[in-house]
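S.K.:
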Amino acid sequence: YTPSEPPKIHRLDESVVNRIAAGEVIQRPVSAIKELVENSLDAHSTSINVVVKDGGLKLIQVSDDGHGIRREDLPILCERHTTSKLTNYEDLQSIKSMGFRGEALASMTYVGHVTVTTITPGKLHGYRQANNFFFFFLHFNFKSNNLMEYLGFVIALVFFFFFFRVSYRDGVMEDEPKPCAAVKGTQIMVENLFYNMIARRKTFQNSADDYSKIVDLLSRFAIHHINVSFSCRKHGASRADVHSVTTSSRLDSIRSVYGVSVALNLMKIEVPDSDPSSSVFNMDGLISNSNYVAKKTTMVLFINDRLVECTALKRAIEIVYAATLPKASKPFIYMSIVLPPEHVDVNVHPTKREVSLLNQEFIINTIQSAVESKLRNSNEARTFQEQP
Ligand code: ADP
Ligand code: MG
């Protein structure tokens, strides 16, 4: 092959670009659920419920009781780069919300079918709302004999809230929002995930393990956000696989999510900020003691309330456990690290799973020695107790 001419460069269609990007953000069913749950957290929800069918391929449904979405925002809700959270690039330095790019919902509409049901507080005296009432009457008297829609209308009248349901495909709202019955908050449903990505759909069809990843994800959220109740169940199942109630104690929460035997063997660990004036970081967590036995490390790490992974920190802690404990048990670690927002770069990974930290080495070393001394102390106390 000897090219006579260089190949021509052309601009990709926007829909192609968007679908490629979507495949990076929504890598698997659990990534869609992470984005949806983070949206619910950003909406100040106190209750978040997840339902999954076929490991998320058939159906993902996340319902919350958060602040809902404005009626007038629905047309652009699932466009790429539409968000209520970020305005200027500089704000990224101090961002507190989990989301900021306005890409998650859009991505889902490029790889699945998205339906949103949300509540909008009504402004009774506004002109728009008067108009809405008129529209409602027309709608219900002449067009609809659907009981659910009728109920929605009655609820809306009584509480002056309006509920809408609307579907999206490829970033675009398919129809005008339809009034409907719902409960407070927002419900987002993603159906037929990866319907247009044959290879990826096949990968997940053949593996049943995404549901366990989803349960694992919800468990992690549940023990960090103890003022939010979470549930996760398979569609049609009467029993939830994750079910947490709001509590004031992290240990209680771990007990209900990970079980008594884990909770029994945890020790509190803390690293206060060494110098509050030029704050570097502080850490607070729970780590397993020498009685805990497991084949695999469980490391639940939140940095500035963001669920992340940090392989270097995990390794550092595993090394301490291996060196300090006689039994070759892997630890259970829950840690919440707080550091100045400008010390964290949250924009290094499409799934936001990894973050990059300023002073990472210092932070890891400090935590490592804190774990080591905690572990030694408890080990010594134990051997002391056990002596006759
Ligand atoms: P981002 O979270 O980065 O802003 P998303 O695509 O995830 O982008 O969501 C777009 C916008 O939709 C959010 O900024 C938010 O205003 C709104 N939104 C999404 N999910 C919810 C929800 N569960 N409750 C309230 N608003 C939501
Ligand atoms: Mg989001």
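Residue numbering for the sequence shown is 383 to 770, as defined by the working numbering.
Just so you know, even glycine gets a beta-carbon here, dropped at the ideal spot from N, CA and C.
#1: Tell me which residues pass a beta-carbon proximity test against ligand 2: closer than 5 Å to any heavy atom, given in chain order.
#2: Specify the secondary structure class of L668 as computed by DSSP and reduced to three states.
#3: Run the CB neighbour count on I636, radius 10 Å, all protein chains shown included, and call it buried at 16 or more, exposed below.
#4: Check whether the Cβ atoms of M649 and L633 lie closer than 8 Å to each other.
#5: With H, G and I counted as helix, E and B as strand and the rest as coil, what does DSSP make of F524?
#6: Can you tell me whether K467 sits near ligand 1, meaning its C-beta is under 7 Å from at least one heavy atom of the ligand?
#7: Let me check understanding here. Comparing Cα to Cα, which of V493, D447, L418 and K440 lies closest to S429?
#8: Run the CB neighbour count on K678, radius 10 Å, all protein chains shown included, and call it buried at 16 or more, exposed below.
#9: Does the distance from the CB of N400 to the CB of Y492 come in under 8 Å?
#10: I need the DSSP call for L695, collapsed to helix, strand or coil.
#11: In terms of residue numbering, what span does the alpha helix (DSSP H) encompassing Q587 cover?
#12: Any chance the CB of I379 is under 7 Å from a heavy atom of ligand 1?
#13: Whole beta strand (DSSP E) runs in the stretch 625-665 with 3 or more residues, listed along the chain?
#14: Less than 7 Å separating the Cβ of A425 from some heavy atom of ligand 1?
#15: Which class does L575 belong to by DSSP, given the choice of helix, strand or coil?
#16: Kindly indicate which residue of F684, L423 and I442 has the alpha-carbon position closest to the one of G618.
#17: Bridge partners for H495 per DSSP, in chain order?
#18: Buried or exposed for Q569, going by 16 or more other Cβ atoms inside 10 Å?
#19: Considering just the uninterrupted stretch of the alpha helix (DSSP H) at K595, what are its terminal residues?
#20: DSSP three-state call for K435: helix, strand or coil?
#21: What residues in its chain sit with their C-beta under 6 Å from that of P385, if we drop five residues either side in the sequence?
#22: Determine, using beta carbons only, whether L689 and F603 come nearer to each other than 8 Å.
#23: Compare the C-alpha of N421 against each of I391, C460 and H392 and name the closest.
#24: Could you check whether I605 and L653 sit closer than 8 Å to each other, using their CB atoms as the reference points?
#25: Below 8 Å between beta carbons: does that hold for T465 and R483?
#26: For V432 and F546, I'd like the C-alpha separation in whole angstroms.
#27: Following the continuous alpha helix (DSSP H) through D424, name the residue where it begins and the one where it ends.
M.R.: The relevant details are as follows:
#1: N421, G481 and A486
#2: strand
#3: buried
#4: Their beta carbons are not under 8 Å apart, which means M649 does not touch L633 by this criterion.
#5: Because F524 carries a pLDDT of 48, less than 50, the predicted location of this residue cannot be relied on, and no value is offered for it.
#6: yes
#7: Checked all of V493, D447, L418 and K440; the closest Cα to S429 is D447.
#8: exposed
#9: yes
#10: helix
#11: I580 to Q587
#12: Absent from the model: residue 379. The displayed extent of the chain is 383 to 770, so no value can be given.
#13: 648-653
#14: yes
#15: coil
#16: I442
#17: According to DSSP, which records beta bridges pairwise, H495 is partnered with E573.
#18: buried
#19: D591 to H606 is the extent of the alpha helix (DSSP H) around K595.
#20: strand
#21: none
#22: Closer than 8 Å, so yes.
#23: C460
#24: Reading off the sequence, residue 653 comes out as Val, not Leu. Not closer than 8 Å, so no.
#25: yes
#26: 20 Å
#27: Residue range P411 to D424 is occupied by the alpha helix (DSSP H) that includes D424.
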